[in-house]
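Structure, as structure tokens:
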Amino acid sequence: MEKDHSTPPVLNSRYQILHPVGTGGMALVYHARDLMLERPVAVKILRARFSRDEGFRERFRMEAKAAANLSHPNIVTVHDFGYDGGNLFIVMEYVPGTDLKTLIQQKGIFSVEEATALIVQACAGIGYAHRAGLVHCDVKPHNMLVSEDMRLKVTDFGIARALASIRPDEVSDVIWGSPQYFSPEQAAGQAPSPASDVYSLGVTLYEMLTGKPPFQSEKPTELARMHRSAKPTPPSQINPEIPPALEQIMMKILAKEPSQRYRSADQLGRILEPFSQHPEFLPASTPPATQARAAQKPLYTPPAYPEKQTLPEDHSLDIDWITIGLGLVATLAVGGLIPFWLYVYLRLFQPVP
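This is the structure:
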């Protein structure tokens, strides 16, 4: 078994490690304190097999720099990046709460309103990154942190892309994200796109509303095959509380071809937002004023995609007689000058007999 570097009590003479808050196959996460700015932070320390790879360290630095430029309420802010005593680490905003995967395990099945309200927040953060030209590549409930007041923040932007820089013999199933949540094109080894993140959001929503992801297997290769070719079970067969309109949206999100899904997380968020606000899905404790505002919003009925557009009426054959008349007058005026200039020419250049 690989032995990781021991974690020093203080990284870069600045970040005091307090206690672990999470662990995974790729990194260890600690609650820490920024001694310079005197604030709590989260420090993710990459495992030794990643930290010692120079190519990965450089790619990780580039991805951390790109992620640090993202500033959005639904994205975990990246504060710093460093390498100290063989430990490659990234310093992030500390979010009190837990990850969405833990909440799914605790709760089982979310209500339609609860699930869509959280996914809409995830769409807002990921959609902001899409507009900035960044694809997450590893969207999954593990990378969504939920605070006690149910505010969601997405974390770990770019780490999956950094892992792709490692030689294939050094890393197995983490190159293009997590097998249960990655898209068919990622399963085929193709580069992810915004539509790939949309697919992974769909897998997460499916799991929240049914208690399990659409495809399950202990073998990553089998999961890849299922994402590429197997048809997911309609979620309403597992949870009859899912409205038909929402089920239609979910099946579209899980389409095998990227062009058949919604183009970006922003678009998906707009499509899902009515389900998180309609009174049919609001809890009984919702204030009457909020219910009244929601009642004015009809349930969303997804249109055919792409939407049929109504073209403006074509007036190209309408006849403008005034313009035609003015054109004729101008033509006659110019034409009438031709004999005059011909007369002048003959008078000035009359050949000598």
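Add 73 to the 1-based position in the sequence shown for this note's numbering, that's all there is to it.
Virtual Cβ for every residue (Gly too), placed ideally from N, Cα, C.
(message) Within the continuous beta strand (DSSP E) that includes Lys292, where are the two ends?
(response) On the sequence shown, residue 292 is found 219 positions in, with the first residue counted as 1. Element bounds for Lys292: n/a, residue is neither H nor E.
(request) Taking Glu221 and Gly170 to be in contact with their CB atoms under 8 angstroms, please state how far apart those CB atoms are, rounded to whole angstroms. (result) Taking the first residue of the sequence shown as position 1, residue 221 is located at position 148. Taking the first residue of the sequence shown as position 1, residue 170 is located at position 97. Their Cβ separation, rounded to whole angstroms, is 6 angstroms, which keeps Glu221 and Gly170 in contact under 8 angstroms.
(request) Reducing DSSP to helix, strand and coil, say where Thr283 ends up. (result) Here residue 283 is taken as the residue at index 210 of the sequence shown, counted from 1. Note: Thr283 maps to helix in three-state DSSP.
(request) With a 10 Å radius around its C-beta and 16 neighbouring C-beta atoms as the bar for buried, classify Ser86 as buried or exposed. (result) The residue given as residue 86 occupies position 13 in the sequence shown. Ser86 is exposed by the Cβ-count criterion.
(request) Would you mind reading off the limits of the beta strand (DSSP E) that contains Arg134? (result) Start at 1 with the first residue of the sequence shown, and residue 134 comes out as number 61. Not the beta strand (DSSP E): Arg134 falls in the alpha helix (DSSP H), residues Glu127 to Ala141.
(request) Out of Pro305, Val151 and Ser144, point me to the one whose CA is closest to Phe133's CA. (result) Position 60 of the sequence shown, counted from the start, is the residue given in the question as residue 133. Ranking the options by Cα distance to Phe133, first place goes to Val151.
(message) Given this structure, state the Cα-to-Cα distance separating Leu101 from Pro93, to the nearest angstrom.
(response) Translated into the one-based positions of the sequence shown, residue 101 becomes position 28. Translated into the one-based positions of the sequence shown, residue 93 becomes position 20. Cα to Cα, the separation comes out at about 7 angstroms.
(message) If contacts are defined as beta-carbon pairs under 8 angstroms, then Pro287 and Leu345 qualify, I think. What distance do you get, rounded to the angstrom?
(response) Position 214 of the sequence shown, counted from the first residue, corresponds to residue 287. Position 272 of the sequence shown, counted from the first residue, corresponds to residue 345. So it is not a contact: roughly 17 angstroms between Cβ atoms.
(request) Drop a sphere of 10 angstroms on the beta-carbon of Val83, count the other beta-carbons inside from all chains shown, and report buried for 16 or more, exposed for fewer. (result) For the purposes of this step, residue 83 is identified with residue 10 of the sequence shown, where counting begins at 1. Flag for Val83 reads exposed.
(request) For Gly155, I'd like the list of residues in its chain whose CB is within less than 7 angstroms of its CB, leaving aside the five on either flank, ordered along the chain. (result) Start at 1 with the first residue of the sequence shown, and residue 155 comes out as number 82. These residues qualify, in order along the chain: Leu84, Asn85 and Phe162.
(request) Identify which residue in Met281, Thr175, Val271 and Ala260 has its Cα closest to the Cα of Ala190. (result) Here residue 190 refers to the residue found at position 117 when the sequence shown is read from its first residue. The shortest C-alpha separation from Ala190 is found at Met281.
(request) Assign Pro379 to one of two classes, buried (16 or more other C-beta atoms within 10 Å of its C-beta) or exposed (fewer than that). (result) Counted from its first residue, the sequence shown places residue 379 at position 306. Reliability of the predicted coordinates at Pro379 is poor, the pLDDT of 39 falling under 50, and the value obtained from them is presented with this limitation in mind. So Pro379 counts as exposed.
(message) Starting from Leu119, trace the beta strand (DSSP E) in both directions and tell me its first and last residue.
(response) The residue given as residue 119 occupies position 46 in the sequence shown. Here the beta strand (DSSP E) through Leu119 covers Arg112 to Leu119.
(message) For Arg240 and Ala141, what's the separation of their Cα atoms in angstroms?
(response) Residue mapping note: residue 240 aligns to position 167 of the sequence shown, counting from 1. Residue mapping note: residue 141 aligns to position 68 of the sequence shown, counting from 1. Bear in mind that a pLDDT of 45 at Arg240, under 50, signals an unreliable position, so the number given afterwards is only what the model happens to contain. Going by the C-alpha atoms only, they are around 26 angstroms apart.
(request) Locate the alpha helix (DSSP H) running through Glu166, then write down its first and last residues. (result) Looking up residue 166 in the sequence shown gives position 93. Where Glu166 is concerned, there is no enclosing alpha helix (DSSP H), although the beta strand (DSSP E) it sits in stretches over Asn160 to Glu166.
(message) For Lys213 and Tyr254, which I take to be in contact (beta-carbon distance under 8 angstroms), what is that distance rounded to the nearest angstrom?
(response) Position 140 of the sequence shown holds residue 213. Position 181 of the sequence shown holds residue 254. Sure, about 4 angstroms apart at Cβ, within 8 angstroms.
(message) Measuring straight from C-alpha to C-alpha, what distance separates Tyr88 and Ala105?
(response) Here residue 88 is taken as the residue at index 15 of the sequence shown, counted from 1. Here residue 105 is taken as the residue at index 32 of the sequence shown, counted from 1. Cα to Cα, the separation comes out at about 6 angstroms.
(message) Quick check on His203: does DSSP put it in helix, strand or coil?
(response) By 1-based counting over the sequence shown, the position of residue 203 is 130. In the structure shown, His203 sits in a helix (DSSP, three-state: H, G or I).
(message) Looking at Ile90: is its Cβ nearer than 9 angstroms to the Cβ of Val116?
(response) In the sequence shown, the residue the question calls residue 90 occupies position 17. In the sequence shown, the residue the question calls residue 116 occupies position 43. In contact: Ile90 and Val116 (Cβ atoms closer than 9 angstroms).
(message) Please state the DSSP three-state secondary structure of Pro93.
(response) Taking the sequence shown and counting its residues from 1, one reaches residue 93 at position 20. Here Pro93 sits in strand by DSSP.
(message) Suppose the cutoff is 6 angstroms on Cβ atoms and the five residues either side in sequence are ignored; what does the same chain contact list for Leu173 look like?
(response) Working through the sequence shown from its first residue, we reach residue 173 at position 100. Pro214, Met217 and Val219, listed in sequence order.
(request) List the DSSP bridge partners of Val208. (result) One-based indexing of the sequence shown puts residue 208 at position 135. Paired residue(s): none; Val208 is not in a bridge.
(request) Give me the Cα-Cα distance between Thr283 and Lys180, rounded to the nearest whole angstrom. (result) Locating residue 283 in the sequence shown gives position 210, counting from the first residue. Locating residue 180 in the sequence shown gives position 107, counting from the first residue. Those two C-alpha atoms are separated by around 11 angstroms.
(message) Does Val83 come out as helix, strand or coil in the three-state DSSP assignment?
(response) In the sequence shown, residue 83 corresponds to position 10, counting from 1. DSSP places Val83 in strand when its eight states are reduced to three.
(message) For a test of the three-state rule: what should DSSP assign to Phe154, helix, strand or coil?
(response) Within the sequence shown, the letter at position 81 stands for residue 154. Residue state, collapsed to three classes: strand.
(message) Taking 6 angstroms as the limit between beta carbons, can you name the residues of its chain near Glu166, skipping five residues before and five after?
(response) As a position in the sequence shown, residue 166 is number 93, starting the count at 1. Here the set comprises Val149 and Thr150.
(message) Residues in the same chain with beta-carbon distance under 8 angstroms from Phe183, minus the five sequence neighbours each way, listed in chain order, please.
(response) For the purposes of this step, residue 183 is identified with residue 110 of the sequence shown, where counting begins at 1. Excluding positions up to five away in sequence, the list reads Ile177, Leu191, Met281 and Leu282.
(message) Assuming Pro252 and Glu258 are in contact, meaning their beta carbons sit under 8 angstroms apart, how far apart are those beta carbons, in whole angstroms?
(response) Numbered from 1 along the sequence shown, position 179 holds the residue referred to as residue 252. Numbered from 1 along the sequence shown, position 185 holds the residue referred to as residue 258. The pair is not a contact, with the Cβ atoms about 14 angstroms apart (cut-off 8 angstroms).
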